[in-house]
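**Q**
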Amino acid sequence: QYVFVDQAQSVYVSDTENDRVMKWMEGATQGIVVAGGQGQGCGLTQLSFPRGVVVDQLGTVYVADQGNDRIMRWSKGATQESVIVDGNVPGGQSNQLYWPIGLSFDRVGNLYAVDLENHRVQKFNIVSNA
Numbered sequence: 527q528y529v530f531v532d533q534a535q536s537v538y539v540s541d542t543e544n545d546r547v548m549k550w551m552e553g554a555t556q557g558i559v560v561a562g563g564q565g566q567g568c569g570l571t572q573l574s575f576p577r578g579v580v581v582d583q584l585g586t587v588y589v590a591d592q593g594n595d596r597i598m599r600w601s602k603g604a605t606q607e608s609v610i611v612d613g614n615v616p617g618g619q620s621n622q623l624y625w626p627i628g629l630s631f632d633r634v635g636n637l638y639a640v641d642l643e644n645h646r647v648q649k650f651n652i653v654s655n656a
């Protein structure tokens with residue numbers, strides 16, 4: 527449903543119905559799971575209706591985990607994610623989201639999240655949150 531193409535022309539797709547993010551390298555005929563894929567849930571290996579996906583220059587995958595109201599970070603080669611913006615309970619405070627759906631980075635590395643039900647775009651300095 528959401529697509530991101532990295533500098534190596536690999537394509538990342540948030541597979542919302544299967545609660546995972548898939549990656550297809552250029553020329554590949556089969557994708558690989560790079561986030562989620564362990565069934566729907568709120569554990570660190572799970573996603574719930576993933577939406578927006580972006581990938582940084584180190585290959586770290588960031589996912590708007592809509593069903594869990596959180597932003598997740600999956601480092602290249604990691605077996606579980608880490609939470610960037612806490613979730614599980616929707617909210618309107620500056621450290622809460624309510625149905626995040628889109629993600630983007632600016633030139634200095636700030637992460638922006640479209641917070642659908644709060645009708646806003648949130649900016650996060652993920653370097654200080656790491």
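Just so you know, we're using this note's numbering here: the sequence shown kicks off at 527 and counts up by one.
Glycine included, every Cβ here is placed at the ideal spot set by N, Cα and C.
Nothing here was measured: the structure is a model prediction, and the numbers come from that model.
What is the DSSP secondary structure of G562, counted as helix, strand or coil?
**A** To locate residue 562, count along the sequence shown from 1; it is residue 36. Three-state result, G562: strand.
**Q** Less than 7 Å between the beta carbons of Q556 and Q564, yes or no?
**A** Working through the sequence shown from its first residue, we reach residue 556 at position 30. Working through the sequence shown from its first residue, we reach residue 564 at position 38. Taking 7 Å as the Cβ cut-off, Q556 and Q564 do not qualify as a contacting pair.
**Q** Can you have a look at M598 and say buried or exposed, based on whether 16 or more other CB atoms are within 10 angstroms of its CB?
**A** Taking the sequence shown and counting its residues from 1, the one referred to as residue 598 is at position 72. Buried: at least 16 other Cβ atoms inside 10 Å.
**Q** When the Cα of D591 is compared with those of S536, N544, V653, which residue comes out closest?
**A** On the sequence shown, residue 591 is found 65 positions in, with the first residue counted as 1. That would be N544, whose Cα lies nearest to the Cα of D591.
**Q** What is the DSSP secondary structure of V653, counted as helix, strand or coil?
**A** As a first step, residue 653 is located in the sequence shown; it is residue number 127 there, counting from the start. Helix.
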